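Scroll down for the structure; my scribbles are underneath it.
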Amino acid sequence: MTVKNAMTADFLRSAYGGESMAHMRYLIWGDMADNEGMPNIGRLFRAIAYAEWVHADNHFKVLKDKVGDASVAAGAVFGAGKTVDNLQGAINGELHEVEQMYPVYLNTARFQGEKGAEKSFHYALEAEKIHAKLFEEAQRAAKQGRDMKLETVYVCPICGHTVKDNLPDTCPICGAKKEMYKHF
Ligand code: FE2
Ligand code: FE2
Ligand code: FE2
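Now the structure itself:
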């Protein structure tokens, strides 16, 4: 799978940049949640950081034949405050991806007949919708000064689908079997 159109290639690079920064930011915020006495929220951040790595990995590999340096303009959220504020940053970032970024990238890939990019953007878009909801749930707990309730978080290594507590038999986004999911 390779990329023929410059605009889709630029969108893949930008999405790779955004996912890479989200991955790192969630690891940082996860440590901060641990230090605030919210280890479940810390674990949620680390699980979703892994999902963002999956997205970055997918975008990067669609670009495998586009070898060389490139400057990347990508959206990023900054701020390292209390966990309740960090979660707002996470929600804002996920909603930006769900409402603005990925629908535009996905429709461009579709319009340009870029099958690999279309799949990679589709996987990310569907997973980010769930991330926004999970961070909202975490923030409701954090606003009351407590940790969220959480047994296990499961992440699909193919598409980044993220689910807590009850693992489905197959991934609802990409069809991967439950045995493949990574546990956090
Ligand atoms: Fe992502
Ligand atoms: Fe996400
Ligand atoms: Fe999946």
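So our numbering is basically just the index in the sequence shown, starting at one, shifted up by 31. Glycine included, every Cβ here is placed at the ideal spot set by N, Cα and C. Because the structure is a prediction, the values reported are computed rather than measured.
Item                                                                                         : Value
Which residues DSSP lists as bridging Tyr-185, in chain order                                : Val-194 and His-214
CB of Thr-201 within 8 Å of CB of Lys-208, strictly                                          : yes
Range covered by the alpha helix (DSSP H) that runs through Ile-72                           : 70 to 93
As assigned by DSSP and simplified to three states, the class of Thr-33                      : coil
Run of the alpha helix (DSSP H) containing Lys-146, from where it starts to where it stops   : 146 to 174
Three or more C-beta pairs below 8 Å linking the segment 122 to 136 and the segment 59 to 71 : no
Ala-173 versus Met-179 - alpha carbon distance                                               : 7 Å
Any non-hydrogen atom of ligand 1 closer than 7 Å to Gly-120 Cβ                              : no
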